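For the sequence shown, the numbering used here gives the first residue as 567, with consecutive numbering after it.
Every residue, glycine too, gets a C-beta built ideally from N, C-alpha and C.
Please read all numbers here as calculations on a predicted model, not as lab measurements.
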Amino acid sequence: MNADHRLLQANLNHSARAQDLLLQTLAKWNIDLAVAAETYRVPAKSNWISDTDGSVAIIGRGSADAIPLTLIGRGGGHVVARWEEIVVVGVYFSPNRDQAEFRAYLDRVATAIRRQLPGPVLVAGDLNAKSAEWGSPVTDARGLDLAEWGNELGLVILNRGSAHTCVRHNGGSIVDITFGSPPVARMVSGWRVMEGSETLSDHRYIRWNISDPALGHQPLPPGRGGATPPPRWALKRLAEDALMAAASAKSLEPIPEPDACDIEREVTWFREAMTQVCDVAMPRIRALPQRKAVYWWSQEIAHLRADCVRKRHQYTRCRRRRHTEAEAAALYAVYREANKQLQRAIKRAKDKAWAELLETLNEDPWGRPYLIVRKKLRSGGPPITESLHPQVLEDVVSALFPHVGGGAMIPPGQPVHRTPWTDDLGVTEEELARAIRRLRAKNTAPGPDGIPGRAWVLALGVLGDRLRRLFTACFKAGQFPPQWKEAALVLLRKEGRHPPRTARYVCWTRRASSSSEYSRPASIGTCRQSVRTWPTASSDSGKAVRRSTPTSASGPSRTRLSPGVGWRWPFRSTLPTPSTPYPGSV
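1. Mark LEU870 as exposed unless 16 or more other C-beta atoms lie within 10 angstroms of its C-beta, in which case mark it buried.
2. Of all the CB atoms in chain D, is at least one closer than 8 angstroms to the CB of ALA1007?
3. Can you give me the C-alpha to C-alpha distance between TRP649 and LEU766, rounded to a whole angstrom?
4. Would the beta-carbon of LYS696 fall within 8 angstroms of that of VAL654?
5. In the DSSP assignment, find the alpha helix (DSSP H) that holds ASP1031 and state where it starts and stops.
6. What do you get for ALA839, buried or exposed, if any count of 16 or more other CB atoms within 10 angstroms of its CB means buried?
7. Can you tell me which of the three DSSP states TRP987 falls into?
8. For the beta strand (DSSP E) that ARG1006 lies in, which residues bound it at each end?
9. How big is the Cα-Cα spacing for ALA911 and ALA593?
10. Whose C-beta lies closer than 8 angstroms to the C-beta of ALA811 among residues of the same chain, with five residues either side of it excluded?
11. Helix, strand or coil, according to DSSP, for VAL731 in the structure here?
12. Answer yes if the region 725-735 comes into contact with the region 707-715, meaning at least three C-beta pairs across the two stretches below 8 angstroms, and no otherwise.
13. Which residues in the same chain have their Cβ closer than 6 angstroms to the Cβ of GLY716, if we skip the five residues on either side of it in sequence?
14. Measuring CA to CA, which of LEU1036, PRO1014, ALA1043 is closest to TRP987?
15. Quick one: grab the DSSP three-state call for ASN694.
16. Would you report the Cα separation of THR636 and ARG831, rounded to the nearest angstrom?
17. Nearest-angstrom Cα distance between TRP757 and ASN596?
18. Among GLU764, CYS884, PRO849, which one has its Cα closest to the Cα of ALA895?
19. Are ILE615 and ALA603 closer than 8 angstroms when you measure CB to CB?
20. By Cβ distance below 7 angstroms, which residues in the same chain neighbour GLN585 in space, the five residues on each side in sequence not counted?
21. Can you give me the C-alpha to C-alpha distance between ARG572 and TRP774, rounded to a whole angstrom?
22. At the level of alpha carbons, what is the spacing between GLN1045 and SER814?
23. Go ahead and label ALA1039 buried or exposed: buried means 16 or more other beta carbons lie within 10 angstroms of its beta carbon, across all protein chains shown.
24. Tell me whether TYR861 sits in a helix, a strand or coil according to DSSP, three-state version.
25. Work out the CA separation of ASP807 and ILE821 for me, nearest whole Å.
26. For ALA859, I'd like the list of residues in its chain whose CB is within less than 8 angstroms of its CB, leaving aside the five on either flank, ordered along the chain.
27. Tell me the residue span of the beta strand (DSSP E) that contains ALA602.
28. To which residues of the same chain is TYR898 closer than 8 angstroms at the C-beta, ignoring the five residues directly before and after it?
29. With a Cβ-Cβ cutoff of 8 angstroms, do LYS916 and TRP835 count as a contact?
30. Apply the 10 Å Cβ neighbour rule to GLU1052 and answer buried if 16 or more other Cβ atoms are within range, or exposed otherwise.
31. Going by DSSP in three states, ASP961 sits in which element: helix, strand or coil?
32. Just to confirm before moving on: does the CB-CB distance between TRP700 and ILE679 stay below 8 angstroms?
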């Protein structure tokens, strides 16, 4: 994350092609945050937040490492969102409404802003008000009210220069304005009107930068708090011979004696060994660079946009040099024709891309087109754990994994029988083979270590005996390695719900811990004396929902837990701690 963040302000004039061109501009300029007034439509994406009327929207960068947007409040013509430490307020007010309505509107927005002061607040949008204070040659009644409104709130005008932000055939005006509270004003630099860029709207783009240590002074890995994402390998490019050779080489390393087995060290050895084996057998998946163009963009459209800019410059120069009206009208007609050609080219490109997508239906009827129609593809942007406010996130996780005091609880009707350890209680080759068959049959995502199940199935052909010894040592010592208790937590958004019931969850454990479960399902409680029952957010509906977490035990047990109670016992049901950063794993 860089210390400098690029922001953009626009008015799309309710134009579909202007909105298309804005998306291309955001990608090309690598914009981190944009405020767009008079949007054509607001897509259902997590990085778009709009007001109740759809007249103004705040747009975050659609990538996993982007700073998340969190909605704070919204109303007619204004939307308030938190962008890391800064509160961003997008505003729009129509020129067709009267002065009394404008004053009432300013009062409503002021109420929303005062709740966030004296913190860093940024206000951007089009209020159709003119004042000399932000460079307009004239001042109207709205401009007077807006300037007084800003002074009362202690906001600083960030506009610089006298370049028109809105340009029409009969002249221009400065109606797009940017305010900032004093903390934000100190962060902003390079505020400028982009006169040399075609927008397909009568408003020009406005750009500026924000630089502040609170927004990332030093680079961090993706994920709040610097949580490192797990490695990923290109499983389709797996070389089985290379994997078997690498696993065979690792199998030659010394195996600890059963009575002297350090469980934690052995678990670490397996994780590191399998990581090395995967690196030999298949390439890692690298993060893709930020896209600099939308899917329909082409060189032809880029040339048409540049031609449109040239034609507009010719027309504006003609007006400045006071040529005849006939010459100005002729040049304006040329510019309008270039503008229409650009719009038609964008529409053709989008239609062509859509037709090509539909052609794939014959090859893959349940693939990407089907998912798009069913709205099953997640939109661009950070995952839900990154986009929730930290306090809301903690409330959600607390509801899903509540802490229940009072110590461990033995499930009713399931007494624990302690049995002295004998060699016949060790994990057998048949039990391990059953676990491998179960692992081969499953096609689920890997856990926090990122090691695919297919790699485990192949490698255990030569490393299976060592893993079987590790399982036996765990059962004998009554220990379950802490590394195997960790699970990757993914929150799935539940539309229309409010915190803490805003999400459901999926957890992925390490494949090695799942194998221990598969090898001996009848003794799932062997390493744990008892199971604690954990209610979830759905338990208040009257349905008994059981979640379990293990506790320590002094010895093994052959007791079989009742179905649905303990089979997810490796999951660690605790809130984030400094040793287990959130998000990413709990």
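Checking against the coordinates, here is how it stands:
1. Locating residue 870 in the sequence shown gives position 304, where the first residue counts as 1. With 16 or more other Cβ atoms within 10 Å, it is buried.
2. Among the chains in the structure shown there is no chain D, since it carries only a single protein chain.
3. As a working mapping, residue 649 is identified with position 83 in the sequence shown. As a working mapping, residue 766 is identified with position 200 in the sequence shown. Going by the C-alpha atoms only, they are around 28 angstroms apart.
4. One-based indexing of the sequence shown puts residue 696 at position 130. One-based indexing of the sequence shown puts residue 654 at position 88. Cβ distance not < 8 angstroms, so LYS696 and VAL654 don't count as in contact.
5. The residue you call residue 1031 lines up with position 465 of the sequence shown. Its alpha helix (DSSP H) spans residues 1019-1043.
6. Your numbering for residue 839 matches position 273 in the sequence shown. Classified as buried, ALA839 has 16 or more neighbouring CB atoms from the shown chains inside 10 Å of its CB.
7. On the sequence shown, position 421 is the one that residue 987 refers to. The answer is coil: DSSP assigns TRP987 none of H, G, I, E or B.
8. Numbered from 1 along the sequence shown, position 440 holds the residue referred to as residue 1006. Secondary structure note for ARG1006: it is in no beta strand (DSSP E), and the uninterrupted alpha helix (DSSP H) holding it is 995-1007.
9. Residue numbering aside, residue 911 sits at position 345 when the sequence shown is read from its first letter. Residue numbering aside, residue 593 sits at position 27 when the sequence shown is read from its first letter. In a straight line, the C-alpha of ALA911 is about 19 angstroms away from that of ALA593.
10. The residue you call residue 811 lines up with position 245 of the sequence shown. Cβ neighbours of ALA811 beyond the five flanking positions: VAL846.
11. The count along the sequence shown starts at 1 and reaches residue 731 at position 165. Per the sequence shown, the amino acid found at residue 731 is Thr instead of Val. The answer is coil: DSSP assigns THR731 none of H, G, I, E or B.
12. Touching, no.
13. The residue you call residue 716 lines up with position 150 of the sequence shown. Closer than 6 angstroms at the Cβ level, and outside the excluded window around GLY716, lie PHE745.
14. Stepping through the sequence shown from its first residue, residue 987 is reached at position 421. Of LEU1036, PRO1014, ALA1043, the residue nearest in Cα terms is ALA1043.
15. For this step, residue 694 is matched to residue 128 along the sequence shown. Coil.
16. Looking up residue 636 in the sequence shown gives position 70. Looking up residue 831 in the sequence shown gives position 265. Within the model, the alpha-carbon separation for THR636 versus ARG831 is close to 42 angstroms.
17. For this step, residue 757 is matched to residue 191 along the sequence shown. For this step, residue 596 is matched to residue 30 along the sequence shown. A direct Cα-Cα distance of roughly 16 angstroms separates TRP757 from ASN596.
18. Sequence index remark: in the sequence shown, residue 895 carries index 329 (1-based). Answer by Cα proximity: CYS884.
19. Your numbering for residue 615 matches position 49 in the sequence shown. Your numbering for residue 603 matches position 37 in the sequence shown. For ILE615 and ALA603, no; Cβs fall outside 8 angstroms.
20. Numbered from 1 along the sequence shown, position 19 holds the residue referred to as residue 585. Cβ contact annotation for GLN585 (same chain, cutoff 7 angstroms, sequence separation greater than five): LEU578, THR605, TYR606, in chain order.
21. Position 6 of the sequence shown, counting from 1, holds the residue named residue 572. Position 208 of the sequence shown, counting from 1, holds the residue named residue 774. Cα to Cα, the separation comes out at about 6 angstroms.
22. Here residue 1045 refers to the residue found at position 479 when the sequence shown is read from its first residue. Here residue 814 refers to the residue found at position 248 when the sequence shown is read from its first residue. In a straight line, the C-alpha of GLN1045 is about 28 angstroms away from that of SER814.
23. As a first step, residue 1039 must be located in the sequence shown, where it is residue number 473. Per the 10 Å Cβ criterion, buried.
24. Stepping through the sequence shown from its first residue, residue 861 is reached at position 295. Of the three classes helix, strand and coil, the one that applies to TYR861 here is coil, per DSSP.
25. As a first step, residue 821 must be located in the sequence shown, where it is residue number 255. As a first step, residue 807 must be located in the sequence shown, where it is residue number 241. C-alpha separation (whole angstroms): 24 angstroms.
26. For the purposes of this step, residue 859 is identified with residue 293 of the sequence shown, where counting begins at 1. The answer, listed in chain order, is GLN590, ALA593, LYS594.
27. Counted from its first residue, the sequence shown places residue 602 at position 36. For ALA602, the uninterrupted beta strand (DSSP E) segment begins and ends at 599-603.
28. Here residue 898 refers to the residue found at position 332 of the sequence shown. For TYR898, where only same-chain residues beyond five positions count, the Cβ hits under 8 angstroms are HIS735, TYR881.
29. Residue 916 sits at position 350 when you count from the first residue of the sequence shown. Residue 835 sits at position 269 when you count from the first residue of the sequence shown. It is not a contact, given that the beta carbons lie outside the stated cut-off.
30. For the purposes of this step, residue 1052 is taken as residue 486 along the sequence shown, with counting starting at 1. With 16 or more Cβ atoms within 10 Å of its Cβ, GLU1052 is classed as buried.
31. Taking the sequence shown and counting its residues from 1, the one referred to as residue 961 is at position 395. Of the three classes helix, strand and coil, the one that applies to ASP961 here is helix, per DSSP.
32. If you number the sequence shown from 1, residue 700 lands on position 134. If you number the sequence shown from 1, residue 679 lands on position 113. In this structure, ILE679 does not lie closer than 8 angstroms to TRP700 by Cβ.
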